[in-house]
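Asks: I am attaching a structure below and will ask some questions about it afterwards.
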Amino acid sequence: MASRPIQWVNSPVLMEAMLRYEQGLLPRSMQLWVEQMFELDGSENTSGLLPSSFDASVD
């Protein structure tokens, strides 16, 4: 199946993905998706994706 370009993703989904990526809790396929979305190379230090004062309670 050919991959389709991403057209729209809501903010809470992106925030949750970023949190889990920083914590190392994503499956490999989702890690690759986050790296593609944010143009990361996978070998970078990911602890700085979100500000240290970020409140994880996104409504």
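According to this note's numbering, the stretch in the sequence shown is residues 3 to 61, in order. Using N, Cα and C, we set each Cβ at its ideal position, and we do this for glycine too. All values derive from a computational prediction rather than experimental measurement.
For GLN33, which residues from the same chain have a beta carbon less than 8 Å from its beta carbon, with the 5 sequence-adjacent residues on both sides left out?
Replies: Here residue 33 corresponds to residue number 31 of the sequence shown, with the count starting at 1. Only TYR23 and GLY44 meet the Cβ criterion.
Asks: Given a cut-off of 7 Å, decide if MET20 and LEU42 are closer than it, judged by their beta-carbon atoms.
Replies: Taking the sequence shown and counting its residues from 1, one reaches residue 42 at position 40. Taking the sequence shown and counting its residues from 1, one reaches residue 20 at position 18. No, the pair does not count as a contact, with Cβ atoms beyond the cut-off.
Asks: If I follow the unbroken alpha helix (DSSP H) through SER31, where does it start and stop?
Replies: As a position in the sequence shown, residue 31 is number 29, starting the count at 1. It spans 30–39 - the alpha helix (DSSP H) in which SER31 sits, taken as one unbroken run.
Asks: What separation, rounded to the nearest whole angstrom, lies between the Cα atoms of GLU18 and LEU27?
Replies: Within the sequence shown, numbered from 1, the residue matching residue 18 stands at position 16. Within the sequence shown, numbered from 1, the residue matching residue 27 stands at position 25. The alpha-carbon atoms of GLU18 and LEU27 are separated by roughly 11 Å.
Asks: Quick one: grab the DSSP three-state call for SER13.
Replies: Locating residue 13 in the sequence shown gives position 11, where the first residue counts as 1. Residue state, collapsed to three classes: helix.
Asks: Roughly how many whole angstroms lie between the Cα atoms of SER5 and GLN38?
Replies: Within the sequence shown, numbered from 1, the residue matching residue 5 stands at position 3. Within the sequence shown, numbered from 1, the residue matching residue 38 stands at position 36. Whole-angstrom Cα-Cα distance: 13 Å.
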